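Participant: The structure that follows is given in the form of structure tokens.
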Amino acid sequence: MCSLSTPPKGGSYARCALRPTAASAYLLWGLWPGIVLGTGGCVTGSLASSTGPRPPGHRWSVAPRQPVHVGETVQFDFVLQDAFRRLVDATGRADYCAAIIAGERVESMPDATGHFHFEHTFADLQPGQRVEVRVFAYRQLANKDFMRIGGVWMRSESPYEESDRKVASDALTLVAYQAEIELPVVRPADDLDVETGVLRLHRTEGTSAVFVDKPGRPGFTMSGPDAGGFYHVRYRPQAGQLNPFGTTDVEFAIYDTAGRRHEKVVTVPTP
14 MCSLSTPPKG
24 GSYARCALRP
34 TAASAYLLWG
44 LWPGIVLGTG
54 GCVTGSLASS
64 TGPRPPGHRW
74 SVAPRQPVHV
84 GETVQFDFVL
94 QDAFRRLVDA
104 TGRADYCAAI
114 IAGERVESMP
124 DATGHFHFEH
134 TFADLQPGQR
144 VEVRVFAYRQ
154 LANKDFMRIG
164 GVWMRSESPY
174 EESDRKVASD
184 ALTLVAYQAE
194 IELPVVRPAD
204 DLDVETGVLR
214 LHRTEGTSAV
224 FVDKPGRPGF
234 TMSGPDAGGF
244 YHVRYRPQAG
254 QLNPFGTTDV
264 EFAIYDTAGR
274 RHEKVVTVPT
284 P
């Protein structure tokens, strides 16, 4: 049984008696080969992102609360589904979706597989800040309710046209964080030459090399040695230098004044 009403928190406009577990939601997101036509009746929405926890090998995360690194560009995927969480073809049901992200409106049309894709760069977040991403799917009944004119979304005010009909919705919350890298490096017999230091951040899609911080070239800093005989290498990575979830391997290499190489390798959590 389904009914249309005010959407429950984190849910969609269609409310169904059948509620799958979180584990089944993760599994089905990874196993869908394509569009499965719904059997009619209940149609809900499901929003996923490219950041956040997910089982190994899965591309999308459907967790209701997900971490996002300051400055990260996040990909989003929204679909319609039936009561059994099978993908429903958007044709004839929803013509577009509208996402509201930190007060900004983003619209997307369905692709050939029935998915609505869009992205957003979270450039102005502070660590700990929360942002709700809410998406609504609409059936267009006349002219669209909103048009983007000169970079500004304008709402149609015609009293003779029926408003676009909301079909489904979903939402998730992103919580901002800023990764911190700190590496203790033991002082060798000959002091370390900071100018030779290189910090490498190994992502799945490539490696970023970072050198000592200088005017016009942000990089790592090194202090010490302290009373315990350690130098301390510190760096605040940018979002594009880290894996969007899981962990990121970090390697630091430096030479001492006698020409000997020293290395330190750590794994940084990128939740």
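Under the working numbering, the first residue of the sequence shown is numbered 14, with each subsequent residue one higher.
We put the beta carbon where it would ideally sit given N, CA and C, even for glycine.
This structure is a prediction, so every number in the text was calculated from the model and none was measured.
Identify the residues that DSSP records as bridge partners of residue 284: which are they?
Facilitator: In DSSP, residue 284 forms no bridge with anything.
Participant: Mind checking which residues open and close the beta strand (DSSP E) that includes residue 120?
Facilitator: Per DSSP, residue 120 belongs to the beta strand (DSSP E) from 117 to 121.
Participant: I'd like to know whether the C-beta atoms of residue 345 and residue 237 end up nearer to each other than 8 Å.
Facilitator: An answer regarding residue 345 cannot be provided, because it is not within the stretch 14 to 284 covered by the chain.
Participant: Return the CA-CA distance between residue 58 and residue 186, expressed in angstroms with no decimal places.
Facilitator: Approximately 16 Å, taken between the alpha carbons.
Participant: The beta strand (DSSP E) with residue 212 in it runs from where to where?
Facilitator: First-last of the beta strand (DSSP E) with residue 212: 211 to 216.
Participant: Reducing DSSP to helix, strand and coil, say where residue 264 ends up.
Facilitator: Three-state DSSP puts residue 264 in a strand.
Participant: Spell out a yes or no on whether the segment 60 to 69 and the segment 86 to 103 are touching, meaning 3 or more CB-CB pairs, one atom from each, closer than 8 Å.
Facilitator: Yes: at least three Cβ pairs fall under 8 Å.
Participant: By the three-class DSSP mapping on this structure, what secondary structure does residue 193 have?
Facilitator: Coil.
Participant: Could you tell me which uninterrupted beta strand (DSSP E) segments, each at least 3 residues in length, are contained entirely in the segment 90 to 118, listed from first to last along the chain?
Facilitator: Listed in chain order, the complete beta strand (DSSP E) runs (minimum 3 residues) inside the segment 90 to 118 are 109 to 114.
Participant: Quick check on residue 278: does DSSP put it in helix, strand or coil?
Facilitator: Correct three-state label for residue 278: strand.
Participant: Mapping DSSP to helix, strand and coil, what is residue 207?
Facilitator: Of the three classes helix, strand and coil, the one that applies to residue 207 here is helix, per DSSP.
Participant: Let me know the secondary structure DSSP gives residue 61 once reduced to three states.
Facilitator: It is a strand residue.
Participant: Does any CB atom of chain B fall closer than 8 Å to the CB of residue 245?
Facilitator: This model lacks chain B altogether; it includes just one protein chain.
Participant: Cα-Cα, which of 104, 122, 103 and 56 is closest to residue 95?
Facilitator: Selected option, being the one with the closest Cα: 56.
Participant: Taking only three categories from DSSP, how would you classify residue 219?
Facilitator: Three-state DSSP puts residue 219 in a strand.
Participant: Tell me the DSSP secondary structure of residue 252 in three-state form.
Facilitator: Helix, per DSSP.
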